[in-house]
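Notes to accompany the following structure.
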Amino acid sequence: MIELVADTVWRSLESAPFVSPIRAAVAYLGAEAPEILPLGTGDVLVVDGSDAALAAGSTSPAAVRRYVESGAVVVSLAGLHAKVVLEGGPAPRCLVGSANVSTHSRDDLREAAILCDDPALINQIDAQLDLWVGHPSAVVVDERWLTRAEGIFRSPRGRRARRTEAWQDTGRPLRLVVVEDDEIPPQDVLDTVDLLRAQHRDRETMVYRTTDEGPAEGVGDSVLLYWSTRAGRLPHGNSKALPLSRVARVVESGGKRYCVVTVDAGGTRPSFSELGGALADVGTAIEDVVDTVFQGPARDAALSLLLPSSERSGSRTTARGVRRR
40 MIELVADTVW
50 RSLESAPFVS
60 PIRAAVAYLG
70 AEAPEILPLG
80 TGDVLVVDGS
90 DAALAAGSTS
100 PAAVRRYVES
110 GAVVVSLAGL
120 HAKVVLEGGP
130 APRCLVGSAN
140 VSTHSRDDLR
150 EAAILCDDPA
160 LINQIDAQLD
170 LWVGHPSAVV
180 VDERWLTRAE
190 GIFRSPRGRR
200 ARRTEAWQDT
210 GRPLRLVVVE
220 DDEIPPQDVL
230 DTVDLLRAQH
240 RDRETMVYRT
250 TDEGPAEGVG
260 DSVLLYWSTR
270 AGRLPHGNSK
280 ALPLSRVARV
290 VESGGKRYCV
300 VTVDAGGTRP
310 SFSELGGALA
320 DVGTAIEDVV
330 DTVFQGPARD
340 AALSLLLPSS
350 ERSGSRTTAR
360 GVRRR
């Protein structure tokens, strides 16, 4: 088994937490670390407990104390920046990635890690942990170390980075695209969509085929998608757009080009006539912007109709694979 755990690493592992015996090397600990990665007798944890890490508020001596009181062996190794967890027992597995053990990492940051049960990798990690625990500069934490660390520690200051799920206008092109659902994409394209859906269960994903009309979409572009059930014709006026979407990947297959997009599923869905009216107010005919990039006042008019999900409540929309006109 080898699996990517992304964005909410620690939340993703709550349904299958690590159990003793555990050996880990995680650079920094928040005060709530023992709730996120519980350890007990027989477990070993290596951290960066250097004066610099303590003074910066990166490693909490309160968390270290709780680990020691629970029976775990904690080792301080200055300069450690690894984030590795190794679970022993009859079914060993390991986690290697970016996440420290903190609520900041769990709730605020976008992390990524590989969860794996490959025996060769597990043996290498086991050996590396031995090297860190036995390093000449490593210090086994005791009461003397804890008392000194508590005197050095300072709580983190300033604003800390937080992830946001809100749609952001990055200034990348915004396109109006009309699609038809009369063609199923090839299997390799569908496999790409399924992979993205598996990795991003908290958002909708769909795909459509592009045409040679107008400039080609690129990764990061935003698209406003409408369906037309009438081949070669514009949608009915009451047709609703898919909530604002962003191109996550472009896949070429069988000489055709497909855009895989993520969808702000709770965002607003203006009708085709509402969009036409907003464009008319700024002197733009909707027929002139289909399959092209919104510019200037037309772009502002379209965005004014697209309130993101972070600013409204609404039902989720199920995305589907479609073909563009």
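Taking the numbering used here, the leading residue of the sequence shown gets 40, the next gets one more, and so forth.
Cβ coordinates follow ideal geometry from the N, Cα and C atoms, glycine included.
Only a predicted model underlies this, so the values are computations on that prediction, with no experimental measurement involved.
Residue range 182-191 is occupied by the alpha helix (DSSP H) that includes R187.
Measuring C-alpha to C-alpha distances from E189 to each of F57, G293, R104 identifies R104 as the nearest. Beyond the five residues adjoining it in sequence on each side, P336 comes within less than 6 Å, by CB distance, of V321 in the same chain, given in chain order.
For V114, there is no enclosing alpha helix (DSSP H); the enclosing beta strand (DSSP E) has its first and last residue at 112-115.
About 4 Å separates the beta carbons of P195 and G96, which is inside the 8 Å limit, making them a contact pair.
A straight line joining the alpha-carbon of G294 with that of T331 spans about 21 Å. Judged by DSSP secondary structure, L264 falls within the beta strand (DSSP E) whose first and last residues are 261-266. Rounded to the nearest whole angstrom, the CA to CA distance from S284 to R236 is 14 Å. Pairwise C-beta distances place the region 108-128 in contact with the region 62-73, as three or more of them are shorter than 8 Å. Sorting V329, E326, L318, I325 by C-alpha distance to the C-alpha of A340 places L318 at the top.
The Cβ atoms of L78 and Y106 lie closer than 7 Å to each other. Following the DSSP letters along the chain, one finds I161 in no beta strand (DSSP E) but inside the alpha helix (DSSP H) bounded by residues 158-172.
Around the CB of D303, 16 or more other CB atoms lie within 10 Å, so the residue is classed as buried. The three-state reading of DSSP puts Y67 in coil, since its state is none of H, G, I, E or B. The shortest CA-to-CA distance from A101 to any of W171, F192, P212 is the one to F192.
Note on geometry: alpha-carbon atoms of S176 and R211 lie some 50 Å from one another.
According to the DSSP secondary-structure assignment, A45 is paired through a beta bridge with A151. For A287, no alpha helix (DSSP H) encloses it; the enclosing beta strand (DSSP E) starts and ends at 284-292. Taking the C-beta atoms as reference points, T249 is found no nearer than 7 Å to V299.
Annotated as proximal: R214 and V262, with beta-carbon spacing under 7 Å.
Close CB contacts of V178 within its chain, under the 6 Å cut and outside five residues either way in sequence, are with S115 (chain order).
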